[in-house]
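Colleague: First residue of the sequence shown: 1, per full-length UniProt numbering; consecutive thereafter.
Please see the structure below; I have some questions.
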Amino acid sequence: MMERDEIIVGTRGSELALTQTKIVIDKLKKIFPQLSFNIKIIKTTGDKILDKTLNKIGGKGLFVKEIENALLNNEIDLAVHSMKDVPSEFLKELEIGAVTEREDIRDVLLTKDKEKLNELKTGAKIGTSSLRRGAQILALRSDLKIEPIRGNIQTRINKMYDMELDGIVLAAAGIKRMGLEDKVSEYFDVKDIVPAVGQGALGIQVRKNDNFIKGIISKINDEKTELAVKAERNFMKVLNGGCHVPVGAYAFIDKDNLIMIGMVASIDGKKLIKVQKVGSINEPAVLGEEVALEILKKGGKNILKEIEGDM
1 MMERDEIIVG
11 TRGSELALTQ
21 TKIVIDKLKK
31 IFPQLSFNIK
41 IIKTTGDKIL
51 DKTLNKIGGK
61 GLFVKEIENA
71 LLNNEIDLAV
81 HSMKDVPSEF
91 LKELEIGAVT
101 EREDIRDVLL
111 TKDKEKLNEL
121 KTGAKIGTSS
131 LRRGAQILAL
141 RSDLKIEPIR
151 GNIQTRINKM
161 YDMELDGIVL
171 AAAGIKRMGL
181 EDKVSEYFDV
191 KDIVPAVGQG
201 ALGIQVRKND
211 NFIKGIISKI
221 NDEKTELAVK
231 AERNFMKVLN
241 GGCHVPVGAY
251 AFIDKDNLIM
261 IGMVASIDGK
271 KLIKVQKVGS
281 INEPAVLGEE
291 VALEILKKGG
301 KNILKEIEGD
311 M
């Protein structure tokens, strides 16, 4: 593959997406100061349709499809994605060539008066477009009302006031990357609100046949995060759960073991199954599959069927 001195990096145009892309570029520039990196902003379907929740317009691929097409057409050399936006299966000509070190994986609550979840009034309104977050919030407090909201971080914060919501739930990773930690009222424990698959990790997508770019980005791959995300993504693949189903998973390395928590819930949070298992760091996909199969066995299959029946 021919060497290049200019690398075109594809990304979504939100402030967070651009911040994340710059994080990746800064890491690469430290190792390859001779290369120049130029950002190409690509508008995705998920960015264009903001008046509907994700599960109503097709789920996860909404934030990557147009960017993947740009990769296939050689308009960009690599793409930076939030791993939680990348579907468990994508075009065979492409691959995730590197995963960066993970940011904080937790979800956070932002409230107007810095109240924690258990301090909110009865019937308080919480804004989130994520079925996963909504279901787990309702499992903790069934009296709360979930209101769907979409948009970038600042838009959602504004909507908290405009829509007279009592709070909103967001990913800690995005809040921290944008320097907005002072707005956080509460960090949820991962056992209470299991994160989204791949949450907090950035993935770099490339063409499989582009050995030059693959060689460059391999230098910033974080192996621990890569193993954890592989386990989580295989969990998602076995369950076949996208934005239509409240599904969460979080894997992490402890000494020589890979530990994973998986979760499936009904949309109202009344049925919620969590499984935690320990596996080998050499077989992350196996652990993901085992957790998914145990969840299905413990009643997850019925929850998934019920949700599909309601759609």
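Quick reminder that beta carbons are idealized off the backbone N, C-alpha and C, glycines included.
Would you say residue 81 reaches chain D, if we count a Cβ-Cβ gap shorter than 9 Å as a contact?
Modeller: Note that chain D does not occur in the displayed structure, where there is just one protein chain.
Colleague: Use the C-beta contact count for residue 163: other C-beta atoms within 10 angstroms, 16 or more gives buried, fewer gives exposed.
Modeller: exposed
Colleague: Taking one C-beta from the stretch 63-76 and one from the stretch 204-224 each time, how about it: are there three or more such pairs within less than 8 Å?
Modeller: yes
Colleague: In whole angstroms, give me the CA-to-CA distance for residue 307 and residue 262.
Modeller: 18 Å
Colleague: Decide if the stretch 224-237 is in contact with the stretch 86-99; the criterion is three or more beta carbon pairs, one per stretch, under 8 Å apart.
Modeller: yes
Colleague: Got a sec, what are the start and stop residues for the alpha helix (DSSP H) residue 153 sits in?
Modeller: 153-162
Colleague: Which of helix, strand or coil does DSSP assign to residue 273?
Modeller: strand
Colleague: With a CB to CB cut of under 8 Å and the five nearest residues on each side skipped, what residues in its chain are close to residue 38?
Modeller: 6, 7, 8 and 9
Colleague: Once the 5 residues before and after residue 217 are set aside, which same chain residues still bring their CB inside 6 Å of it?
Modeller: 97, 98 and 204
Colleague: Which residues in the same chain have their Cβ closer than 6 Å to the Cβ of residue 305, if we skip the five residues on either side of it in sequence?
Modeller: none
Colleague: In terms of alpha-carbon separation, which member of 144, 103 and 279 lies closest to residue 121?
Modeller: Selected option, being the one with the closest Cα: 144.
Colleague: Under DSSP, the alpha helix (DSSP H) around residue 25 begins and ends at which residues?
Modeller: Note, residue 25: alpha helix (DSSP H), 15-31.
Colleague: On the criterion of 16 or more Cβ atoms from any shown chain inside 10 Å, does residue 234 qualify as buried, or is it exposed?
Modeller: buried
Colleague: With DSSP run on the structure shown, which of helix, strand or coil describes residue 103?
Modeller: In the structure shown, residue 103 falls within a coil segment according to DSSP collapsed to helix, strand and coil.
Colleague: Check whether the stretch 136-150 and the stretch 181-200 are in contact - that is, three or more C-beta pairs closer than 8 Å.
Modeller: A contact is defined here as three or more CB-CB pairs under 8 Å, and the stretch 136-150 meets this definition with respect to the stretch 181-200.
Colleague: At which residue ranges does the stretch 184-217 contain complete beta strand (DSSP E) runs of 3 or more residues, listed in the order of the chain?
Modeller: 202-207
Colleague: Within 10 angstroms of its Cβ, does residue 246 collect 16 or more other Cβ (buried), or is it exposed?
Modeller: Residue 246 is buried by the Cβ-count criterion.
Colleague: For residue 50, count neighbouring C-beta atoms within 10 Å of its own C-beta (all shown protein chains included) and say buried if the count is 16 or more, exposed if not.
Modeller: Confidence at residue 50 is low in this model, with a pLDDT of 49, below 50, so its placement is unreliable and the value that follows should be read with caution. Flag for residue 50 reads exposed.
Colleague: Alpha carbon to alpha carbon, how far is residue 174 from residue 13? Give it in angstroms, no decimals.
Modeller: 14 Å
Colleague: In angstroms, rounded to a whole number, what distance separates the CA positions of residue 302 and residue 273?
Modeller: The alpha-carbon atoms of residue 302 and residue 273 are separated by roughly 11 Å.
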